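Chemist: In our numbering, the protein residues as written are 20 to 205.
Here it is, the structure, as structure tokens.
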């Protein structure tokens, strides 16, 4: 099972940057669906997924110009600025927190779903919004802390019931671990 990080300063910075990139596409009259698809499937998005900012072209302008050249701007509609900002922020945060690719998110959480859920999601914390969308789309990913917590609970239950055999003598794991260990000098 994949898991990753908490929302931290780097995640927030990258998410703001991606939100601004998406918002900028509206400013330049680039059809929203085409921009989102081109970005989410791009090498630049993959580099951001991998936190390889040098490969991504670190600046928003460089990333934006690279994506802009790949899109037919003669057809398609524009989404409002706030929705585009939210979609960009959402996708980057989800990618960072759960260590999944932009492509995976684009394929499993459709843009239309984010648009239709915008009113309900944009007022939540980003972590809650991501969990809600993962639940709606039946995506089961865990943060590092959730994974650790599950493993800890599993192992804690085993401690009380696990037994060790030593020369036909049974000890519980707790009893075994309580035996003092002598230090040996070499």
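Note that CB positions come from ideal geometry on N, CA and C, so glycine has one too.
Values in this document were obtained by computation on a predicted structure and should not be read as measured data.
1. Alpha carbon to alpha carbon, how far is residue 90 from residue 66?
2. Would you mind giving the Cβ-Cβ distance between residue 60 and residue 125, rounded to the nearest angstrom? I have them listed as a contact below 8 Å.
3. Alpha carbon to alpha carbon, how far is residue 30 from residue 70?
4. Would you call residue 154 buried or exposed, if buried means 16 or more other Cβ atoms sit within 10 Å of its Cβ?
5. Find out if the Cβ-Cβ distance for the pair residue 54, residue 86 is shorter than 8 Å.
6. Who are the Cβ neighbours of residue 58 in its own chain at under 6 Å, not counting the five residues just before and after it?
7. With a cut-off of 8 Å on the beta carbons, I'd call residue 102 and residue 137 a contact; round off their distance for me.
8. Are the beta-carbon atoms of residue 96 and residue 51 separated by less than 8 Å?
9. Express the C-alpha separation of residue 193 and residue 128 in angstroms, rounding to a whole number.
10. To the nearest angstrom, report how far apart residue 178 and residue 164 are at their CA atoms.
11. On the three-state DSSP scale, how would you describe residue 59?
12. Pick out whichever of 49, 110 and 45 has its Cα sitting closest to the Cα of residue 145.
Modeler: According to the structure shown:
1. When rounded, the distance between both Cα atoms is 19 Å.
2. About 7 Å separates the CB atoms of residue 60 and residue 125; that is less than 8 Å, so the two are in contact.
3. Cα to Cα, the separation comes out at about 10 Å.
4. Under this definition residue 154 is an exposed residue.
5. It is a contact, given that the beta carbons lie within the stated cut-off.
6. These residues qualify, in order along the chain: 64 and 86.
7. For residue 102 against residue 137, the beta-carbon gap comes to about 5 Å, under 8 Å, which counts as contact.
8. Taking 8 Å as the Cβ cut-off, residue 96 and residue 51 qualify as a contacting pair.
9. Whole-angstrom Cα-Cα distance: 46 Å.
10. In this prediction, residue 178 scores a pLDDT of 48, lower than 50, which makes its location untrustworthy; the coordinate-derived value is nonetheless stated afterwards. Taking the straight line joining both Cα atoms gives about 21 Å.
11. Residue 59 falls in the helix class under three-state DSSP.
12. Checking every option, the nearest Cα to that of residue 145 belongs to 110.
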